[in-house]
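Data first, discussion second: the structure below is written as structure tokens.
Numbering (this note's numbering), first residue to last: 141 to 1142.
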């Protein structure tokens, strides 16, 4: 009877031994095609005694169509001991590779003890075909250990595996084997070696190998050109392409596919178009990889219309063509068109690949936001790419850029094998979202798992260190860069310049800058911007001139960085020179630069020029209006601010919180302030913390303390600036105790005070005049590290001086690592208040020797100290020094000199000072001199000064009283009575005295 699989199964239910169970699978498979008797089924021992090849094993392999049929066949090979038969095993391995049973093929090959060259090459060729390069190298090593030789067919595949895996050391060892075996003259092997060294970046060795070839063919040149292109050596690639033409070789598809991207990067678009013509002439335009390269080239030339025509001309597009067009749109910021291409690709039933998603996902950052990003995330899952590290990295970067750092972290944790790119994306994502501490934590974790940071990692972490002002950590990153050789990377050096500049370490910045062998415009801009922010205007101007002299390009960023330094009338010519340079180089069309120029003209007091520039702008943004309004406000031109605000509303421009911040300080009435507040409420921007604090200060000006407290209660208590505002308001209204209460409140909230908080707290201590509280504040700010803040230390010194402890102020001053003009001014003023003019003068001399330029306030303090101590000659020297330093004396400086000369009896000199004043003397200055005339009995001069006072303020009874006393002091009673009679006729009465003791105090 016929034997069927079901019949075999029914007969075989009695079989129990493992050996017969293995054979059972084979019989079930072959029963339908082999005529076996029932006896042979039930008595397999008899069957197995036959010659195994009688089963026609090779014929059975041909009929094998399923992977599960291979395992019983493998068992037969092993059981019958023919696994070592090269012919049978070779055919079996071919079937395994044909059906995709790679694991069965590998396990079968591992069972043989002495593989032949045939089996070795068979395995290597097929493993290379499937991209299993790691298994390929393991097979090759097994064959070498077992003594199996290699031939000229073996080595090209092995070298390809080494290059794909990046196994440079193994590849070099195999190169030595090739040399010892004498295969180094084989052209195919030589080309494989060239490709290996080129792909791993050792272009010097690759070039030497090509030069040593006696007969270079096109394949060898193609390997070299591809290596140059891969390693960014575009000029060398172009020269190698010229060598091909010189050798009379005709470029093929591989040549053109490598050289066209080189033309794109070098900007040789005219030559690239010539290659396009060659491709058409040679009939290569049907090659889709060439079409992709040409699309990318035209996109690089900003010729998207030609790129699109080329894309549309392809009838059957593969994924690379779609990806090229999609990438062309994304690189040109044509995000809408890029998403349209993606939709068409999906509708055309073309499956998106890794390149597709890596190209389209970043578009969500600038174009569509998280909605499109989530849709693309769903597509990634749909097409089974959710476990691909490159796609996950692109997604987490996108989520981080749109502000969803938590979702980015979730995707980061899902990446199975995190590479350097993934770690860098997470670090930069945290930096982008201002999560500085988290970025540093990920940076440390990356090194803990054994991933070495690269230039991108260092740049991101330096940005975090800048924001945190973590100088020590930034220096560690600097040291790491030096140790790993990353300091040669220009972007890393520029990041270091920015870090030290942001941390106010200009000396470090200059040191690095002067050691740079190559400087970019970014390097110059960073240094110039750092000088401007530190107030080193002259140094910034010198750098700008040096930059221009060395031929570096002054771009828009350079000009915008420089313009804020021109903030006084004397800088106007320099600012106008920058404006002229911008016009000459065609930069005036940039709105950001125009806004900066408007600000510069307003800061320098040239409002008409700023307004004219504003009027001629073709495009005005909200920033343009705010720039002009801000300029007017800084110069206290309240009416102009209100007029500009009205024009702004008439032209349909919607004010933002910056506009209102400028508007609130110029509100002269409470009604105006409330109107601005109402406008902010209607716009929904009243909760903006900067606007909220400005509203608090506005209501404080009108003494509406309850409204200030109400706004404080409405604000976000997690914002330290809100607490600073309410503390400042209480200090201004002389309620120091309440300011201290708010300070304790913010500590209870767990907030960290900043330097503004401490400045307000110290001001409260000055009002309280309590040394105990001042001691506590000093201890707390030292604990928090704010003793290194110069402004806070200056305020603390002033507090101790006001509390009567000049000795502690001296110690604080001596402990300062960095003293500015204010530091010297505070301690000098302290000695002036304590009447120690000699000490004040000694400190003033030390200040000049230290290189710190005295300010107007410093000179005022020194002159005041000299005045109280009666140091005439010294005060005259100080006043002369002030003029020599180019500082124009103000009224308070003249008042100090007049007061000193008057009290010491130099009345004529004092009066000469008054006559030489560049402006009209104040009433208080003349009254001071008039009082000196009374003390020294100088009636004649007293009469002259009284005449000046009567002319300036006829109703000021104080001047009449002092003149009356002058006459009385010298016994001229008739003149004294005449002055009293005149006062009575004019209705001027002397204010009655009162007592602050007992019942006299009301």
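We put the beta carbon where it would ideally sit given N, CA and C, even for glycine.
Alpha-carbon spacing of residue i relative to residue j, whole angstroms
{"i": "residue 503", "j": "residue 631", "result": "24 Å"}
{"i": "residue 812", "j": "residue 511", "result": "42 Å"}
{"i": "residue 668", "j": "residue 1046", "result": "50 Å"}
{"i": "residue 883", "j": "residue 1044", "result": "48 Å"}
{"i": "residue 295", "j": "residue 230", "result": "20 Å"}
{"i": "residue 1000", "j": "residue 1033", "result": "6 Å"}
{"i": "residue 529", "j": "residue 500", "result": "16 Å"}
{"i": "residue 409", "j": "residue 474", "result": "21 Å"}
{"i": "residue 173", "j": "residue 257", "result": "Below a pLDDT of 50, predicted positions are generally treated as unreliable, and residue 173, at 40, falls in that range; no measurement from the model is reported."}
{"i": "residue 1022", "j": "residue 801", "result": "37 Å"}
{"i": "residue 405", "j": "residue 379", "result": "15 Å"}
{"i": "residue 793", "j": "residue 729", "result": "21 Å"}
{"i": "residue 938", "j": "residue 873", "result": "20 Å"}
{"i": "residue 797", "j": "residue 809", "result": "20 Å"}
{"i": "residue 1004", "j": "residue 895", "result": "30 Å"}
{"i": "residue 904", "j": "residue 911", "result": "12 Å"}
{"i": "residue 665", "j": "residue 929", "result": "27 Å"}
{"i": "residue 989", "j": "residue 1002", "result": "16 Å"}
{"i": "residue 1116", "j": "residue 1106", "result": "8 Å"}
{"i": "residue 658", "j": "residue 692", "result": "11 Å"}
{"i": "residue 569", "j": "residue 586", "result": "15 Å"}
{"i": "residue 1124", "j": "residue 1099", "result": "14 Å"}
{"i": "residue 634", "j": "residue 663", "result": "6 Å"}
{"i": "residue 687", "j": "residue 701", "result": "13 Å"}
{"i": "residue 228", "j": "residue 292", "result": "24 Å"}
Sub-7 Å separation of residue i and residue j beta-carbons
{"i": "residue 1088", "j": "residue 1066", "result": "yes"}
{"i": "residue 428", "j": "residue 463", "result": "no"}
{"i": "residue 433", "j": "residue 400", "result": "yes"}
{"i": "residue 1074", "j": "residue 1102", "result": "yes"}
{"i": "residue 1054", "j": "residue 1079", "result": "no"}
{"i": "residue 941", "j": "residue 949", "result": "yes"}
{"i": "residue 600", "j": "residue 567", "result": "yes"}
{"i": "residue 670", "j": "residue 649", "result": "yes"}
{"i": "residue 1050", "j": "residue 1069", "result": "yes"}
{"i": "residue 777", "j": "residue 736", "result": "no"}
{"i": "residue 249", "j": "residue 299", "result": "no"}
{"i": "residue 239", "j": "residue 264", "result": "no"}
Three-state secondary structure assigned by DSSP to residue i
{"i": "residue 1025", "result": "coil"}
{"i": "residue 1055", "result": "helix"}
{"i": "residue 260", "result": "helix"}
{"i": "residue 1112", "result": "coil"}
{"i": "residue 599", "result": "helix"}
{"i": "residue 674", "result": "coil"}
{"i": "residue 682", "result": "helix"}
{"i": "residue 1123", "result": "helix"}
{"i": "residue 649", "result": "helix"}
{"i": "residue 490", "result": "coil"}
{"i": "residue 591", "result": "coil"}
{"i": "residue 423", "result": "coil"}
{"i": "residue 512", "result": "helix"}
{"i": "residue 351", "result": "helix"}
{"i": "residue 943", "result": "coil"}
{"i": "residue 469", "result": "helix"}
{"i": "residue 785", "result": "helix"}
{"i": "residue 725", "result": "coil"}
{"i": "residue 708", "result": "coil"}
{"i": "residue 999", "result": "helix"}
Proximity test, Cβ basis, 7 Å: residue i and chain D
{"i": "residue 374", "result": "Of the protein chains in this structure there is only one, and it is not chain D."}
Quick test of the definition: if touching needs 3 or more C-beta pairs under 8 Å, does the region 310 to 319 touch the region 346 to 356? no
Cβ pair count under 8 Å reaching 3, the region 856 to 865 against the region 816 to 824: no
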